[in-house]
Amino acid sequence: LLAGFVLLTSVICLLNLFNSIRGWIQGSRQELAILCSVGMTAAQMKKMLLLQCAGIFIRSLAVAAIVCWGLVTAVRRGVIFIFGNLTLKLPVFWIIGSIVLAAAVLVFLSIRSLKKELKTELFSSIRGGNLL
């Protein structure tokens, strides 16, 4: 039951990641079209996108580490208070595996969304939205 819950939660998180990246790319459609019109190559756009994703990933990893550290510390103290001195090991392998998987999915979805966006017509992307 717990494994099914974790799997379902993971799928929901990955779908949220997909929607966030897709919305982010579509939201910056005009910026990408303008950069493309002034001579930015697809490789340069890919590099820019990957650097932006790396920054977002590192910030979210730092926030998650702080929050998780606090929660793990609270649970550990609560378990020690209730049951006495227990040795609880962290599942380091699973934590590192989930971080690597999340980074791989982030890179894959970002590159896929960028390639899909670059296939659209340049001028329709520039005049397609409302500029504020």
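Just so you know, we're using our numbering here: the sequence shown kicks off at -10 and counts up by one. The C-beta atom is built at its ideal place from N, Cα and C for all residues, glycine as well. Note that the coordinates shown come from a computational prediction; the quantities given were computed from them, not determined experimentally.
Between which two residues does the alpha helix (DSSP H) holding Gly126 run?
Since the first residue shown for the chain is -10 and the last is 121, residue 126 is missing from the structure and cannot be characterised.
Can you tell which of Ser99, Leu107, Cys57 and Val64 has its C-alpha closest to the C-alpha of Gln41?
Gln41 has its Cα closest to that of Ser99, out of Ser99, Leu107, Cys57 and Val64.
For Val94, which option in Gly(-7), Leu6 and Ile1 has the closest C-alpha, if you only look at C-alpha atoms?
Closest by alpha carbon: Leu6.
Does the pairing of the stretch 101 to 110 with the stretch 10 to 17 give three or more beta-carbon distances under 8 Å?
Because the criterion of three Cβ pairs below 8 Å is met, the stretch 101 to 110 and the stretch 10 to 17 touch.
For the alpha helix (DSSP H) containing Leu75, list its first residue and its last residue.
That residue, Leu75, is in no alpha helix (DSSP H); it is neither H nor E in DSSP.
Should Ala63 be labelled buried (16 or more other beta-carbon atoms within 10 Å of its own) or exposed?
Its Cβ having fewer than 16 others within 10 Å, Ala63 is exposed.
Is the beta carbon of Met34 sitting closer than 8 Å to the one on Leu50?
For Met34 and Leu50, no; Cβs fall outside 8 Å.
Starting from Thr(-2) and walking both ways along the alpha helix (DSSP H), at which residues does that stretch end?
Element bounds for Thr(-2): Leu(-9) to Gly16.
Under a Cβ-count criterion, where at least 16 other Cβ atoms within 10 Å of its own Cβ denotes burial, should Glu106 be classed as buried or exposed?
By the neighbour-count rule (16 or more Cβ atoms within 10 Å), Glu106 is buried.
With Lys105 as the anchor, note down where its alpha helix (DSSP H) starts and where it stops.
Val81 to Leu107 is the extent of the alpha helix (DSSP H) around Lys105.
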